[in-house]
């Protein structure tokens, strides 16, 4: 026990002249990853899809208002309303202020604690001597005390350090809330626009199938088509119509989500009607170097701040094992007359110093320090896992954008092929070579390809949003007022 105490105390004894020592490990930011990229292969521009390729430029700033890259004023308005009225963002701001006030309160440990006390009482005194009457008198008192705990081992400084780390964690949590809010709003708008386009394509398909059913019924009545064809077409029509209510429900749910994100009730929310053609796909996309990513993603910075706080807690637990020195002073006056309370005949004072050295606590202090070390190790592992998750998200998004371009290329080709086939069959119908039923089937195939195209366009836009989020959302480039 003596050797352990000396090992803890010796560094501070050497530096006591400057009072700059604090027991426990000093915090150092984890080293940034040395990876050169996010995927094994070099990041290349995507394939040209729908007439447009996306290029990735290393070092290009991540714009704080990245959603403006979609060049949709109505979307900009919705995001602005969300930033002004979202209650989760307001709660994050209030929590940050709370942590800042807790830090300011924590600084109080570095100052003497001064208290004043005044009292007044009426007392009965019985001397307990025969034939001596009891006396009743007033007693007034006024006193003050001063106490100061010497932070020799830096335990209090480590406690304030932990409070400062908590402020950092809340500041980055506010930034994360800002990024998540803006991405959720943009994703909801894109999804809603895609659902509207899908509904238009589906309604066109329903109209064609209805016409097919009408023709098949007429042909069945004339005996040229078996009635089973009519039943097959009716079943296909009913199945297609059944896809409309879920799409309309998704539009309504997206509207309710946007209302909530902007701080309104669904009944008071009036949304603009947007379709995918109202949004423009950004051509030039930023890509941060891996070493920079961990310094700008708010979730990684929150994990780093929590690691800082856990590291400081080790110093607090270490200082609890060492002697604590407290200086105190007090003084005041007593008198049975309020007017004579401050007379020179009734003062009292005291000066004192105390040293408390923990001797035996059943191993509690030792294991509390070990628990603090274990907690720091757990938070360090969580930090590393957060970094891995960040790299995974960027890698998934980069690869996803490449696949999105390939998918959109295939869907565009499918639409073009189906359209050519539709025109050819229409020409053959006019020439009397095919039946009108074959024309309607070709039309349906075209509309089905068109539905796949709409979904591919929406997915490409949402993965573009995901890249901005994976890179941290650009919050560090925004004026402080815009995100807290």
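In my numbering, the protein residues as written are 11 to 494.
We put the CB at the ideal spot given by N, CA and C, even for glycine.
* Asked: Going straight from the alpha carbon of residue 302 to that of residue 468, what length do you get?
  -> In the chain shown, residue 302 corresponds to position 292, counting from 1. In the chain shown, residue 468 corresponds to position 458, counting from 1. Distance between the alpha carbons of residue 302 and residue 468 is about 30 angstroms.
* Which two residues bound the contiguous beta strand (DSSP E) that contains residue 158? -> Counting from 1 along the chain shown, the entry for residue 158 is found at position 148. Residue 158 -> beta strand (DSSP E) spans 145-160.
* Burial state of residue 441 (16 or more Cβ within 10 Å) -> Reading the chain shown from its first residue, position 431 is the one you call residue 441. The C-beta of residue 441 has fewer than 16 other C-beta atoms within 10 Å across all chains shown, which makes the residue exposed.
* Sufficient close CB pairs (3 or more, under 8 angstroms) joining the stretch 289-298 to the stretch 161-178 -> no
* **Rounded Cβ spacing between residue 223 and residue 244 (contact assumed at less than 8 angstroms)** => The sequence position of residue 223 within the chain shown is 213, counting from 1. The sequence position of residue 244 within the chain shown is 234, counting from 1. With 8 angstroms as the limit, residue 223 and residue 244 qualify as a contact, their Cβ atoms being about 6 angstroms apart.
* To do: Classify residue 485 as helix, strand or coil using the three-state DSSP reduction.
  => Numbered from 1 along the chain shown, position 475 holds the residue referred to as residue 485. Of the three classes helix, strand and coil, the one that applies to residue 485 here is helix, per DSSP.
* Cβ-based neighbour list, residue 43, same chain, cut-off 6 angstroms, excluding 5 preceding and 5 following -> Against the chain shown, residue 43 aligns to sequence position 33. Taken in chain order, the residues that qualify are 300.
* To do: Return the residue from the list 403, 230 and 270 that minimises the CA-CA distance to residue 447.
  => Within the chain shown, numbered from 1, the residue matching residue 447 stands at position 437. Comparing Cα-Cα distances from residue 447 to each of 403, 230 and 270, the minimum goes to 230.
* To do: In angstroms with no decimal places, state the Cα-to-Cα distance between residue 257 and residue 193.
  => By one-based count along the chain shown, residue 257 stands at place 247. By one-based count along the chain shown, residue 193 stands at place 183. Their backbone Cα atoms lie some 22 angstroms apart in a straight line.
* Classify residue 414 as helix, strand or coil using the three-state DSSP reduction. => Taking the chain shown and counting its residues from 1, the one referred to as residue 414 is at position 404. The answer is helix: DSSP assigns residue 414 an H, G or I state.
* Could you say which of 83, 226 and 304 lies nearest to residue 398 if we only look at CA atoms? => Numbered from its first residue, the chain shown carries residue 398 at position 388. It is 304.
* Asked: Does DSSP put residue 360 in a helix, a strand or coil?
  -> As a position in the chain shown, residue 360 is number 350, starting the count at 1. Residue 360: strand per DSSP, three-state reduction.
* Select from 86, 298 and 391 the residue whose C-alpha is nearest the C-alpha of residue 313. => The sequence position of residue 313 within the chain shown is 303, counting from 1. Residue 313 has its Cα closest to that of 391, out of 86, 298 and 391.
* Asked: Looking at C-beta atoms only, is the number of pairs between the stretch 361-371 and the stretch 195-211 that lie closer than 8 angstroms three or more?
  -> no
* Reduced DSSP category for residue 293 - H, G, I as helix; E, B as strand; rest coil -> Position 283 of the chain shown, counting from 1, holds the residue named residue 293. Residue 293: coil per DSSP, three-state reduction.
* Asked: Going by beta carbon distance, what residues of the same chain come within less than 7 angstroms of residue 435, once the five residues before and after it are set aside?
  -> Indexing the chain shown from 1 puts residue 435 at position 425. Taken in chain order, the residues that qualify are 444, 448, 449 and 452.
* What's the gap between the Cα of residue 92 and the Cα of residue 60? -> Residue numbering aside, residue 92 sits at position 82 when the chain shown is read from its first letter. Residue numbering aside, residue 60 sits at position 50 when the chain shown is read from its first letter. Those two C-alpha atoms are separated by around 32 angstroms.
* Could you check what DSSP says for residue 27 in three-state terms: helix, strand or coil? => To locate residue 27, count along the chain shown from 1; it is residue 17. Caution is warranted here: a pLDDT of 36 is assigned to residue 27, below 50, making its placement in the model unreliable, and the coordinate value is therefore given only provisionally. Here residue 27 sits in coil by DSSP.
* **Touch test, the stretch 136-145 against the stretch 100-112, Cβ-Cβ under 8 angstroms, three pairs minimum** => no
* Do you know how far the Cα of residue 95 is from the Cα of residue 275? -> As a position in the chain shown, residue 275 is number 265, starting the count at 1. As a position in the chain shown, residue 95 is number 85, starting the count at 1. Pairing residue 275 with residue 95, the inter-Cα distance amounts to about 11 angstroms.
* Got a sec? Which residues, its chain only, sit under 6 angstroms from residue 179 by beta carbon, not counting five neighbours each side? -> For this step, residue 179 is matched to residue 169 along the chain shown. Excluding sequence neighbours, residue 179 sits near 312, 315 and 316.
* Any chance you could list the beta strand (DSSP E) runs of at least 3 consecutive residues sitting entirely within the stretch 242-299, in chain order? => Qualifying beta strand (DSSP E) stretches, in chain order: 294-297.
* To do: Could you tell me whether the stretch 80-88 touches the stretch 337-353, where touching means 3 or more Cβ pairs closer than 8 angstroms?
  => Segments in contact, no.
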